[in-house]
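Quick note: to get the numbering used here, add 42 to the position in the first sequence (first position is 1).
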Amino acid sequence: MRRKLKKEFFDRSAIKVAGKLLGKYLVRKIGVKNRAYMITEVEVYDGHKDKASHARSGKTKRNWPMYGPAGKFYIYFTYGMHHMLNIVCGKKEYPSAILIRGVKDISGPGRLTKALKIDKKLNALAAGPKTGLWFEDKGVRIKKSEIKRTPRVGIDHAGKYWGRKPWRFVV
DNA sequence: ACGATGATGAAC
DNA sequence: TTCATCATCGTA
43 MRRKLKKEFF DRSAIKVAGK LLGKYLVRKI GVKNRAYMIT EVEVYDGHKD KASHARSGKT
103 KRNWPMYGPA GKFYIYFTYG MHHMLNIVCG KKEYPSAILI RGVKDISGPG RLTKALKIDK
163 KLNALAAGPK TGLWFEDKGV RIKKSEIKRT PRVGIDHAGK YWGRKPWRFV V
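Written out as structure tokens, the structure reads:
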């Protein structure tokens, strides 16, 4: 079984999508080859009230793709070193996205984008074969008992409430 | 354990 | 204009 995830998959609450995204595959086309990586770690950034989200202070030149329709990428550059890959969820104008933090054999969001040659050229584009980067369901089922939920990483500035929300999902 | 990296946005 | 950030690597 090999089913490409469509826009509709992402067009709902990011929390729901995050749980379903584990065990799905991130497929990257490099040259004529497709490489598929099982997703093992994600983080949710949901709404403008989320103090850990780039959307915490409204729409900006950087974060505007988060306000776009579901199924598009939000890719930004940070720490002068790393690109971060997010997939936009929910309705248009509602800023929510899922940060892909790790896949099987590659942990860390910066290492992931480096290994898959992902950069800002894909920012705000729709997931799909045309962009060379998309998601597939290969029939892998992750049991709920295999999923750990922990607080998100690197967000000490977000305060007690938002900083402690268990919005990091790990297989 | 700590500095280098160096885009982006907010605070000052 | 200065500072902190949704990391990671190389050096100590």
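The beta carbon of each residue, even a glycine, is placed where N, CA and C say it ideally should be.
- Going by beta carbons, Ala166 and Gly113 fall outside the 8 Å limit.
- Looking from the CA of Ile140, the closest CA among Ala94, Lys91, Cys131, Lys146 belongs to Cys131.
- Counting along the chain, Lys159 sits inside no beta strand (DSSP E), nor does DSSP assign it H or E at all.
- Nearest C-alpha to Ile148 among Leu47, Leu68, Ala60: Leu68.
- Counting only residues of its own chain and dropping the five nearest sequence neighbours on each side, Asp88 has a CB closer than 6 Å to the CB of Ala56, Ser138.
- Beta-bridge annotation (DSSP): Glu83 is paired with Gly144, Val212.
- Between Ile160 and Ile129 the beta-carbon gap is near 12 Å, outside 8 Å, which marks them as no contact.
- Under DSSP, Asp179 forms a beta bridge with Arg45.
- Between the stretch 190-201 and the stretch 70-82, the count of C-beta pairs closer than 8 Å stays below three; the two stretches do not touch.
- With a contact defined as Cβ atoms closer than 8 Å, Lys93 and Ala200 qualify at about 4 Å.
- Contact between Val213 and Gly65 holds: their C-beta atoms lie close to 7 Å from each other, under 8 Å.
- Here DSSP, grouped into helix, strand and coil, assigns Leu127 to strand.
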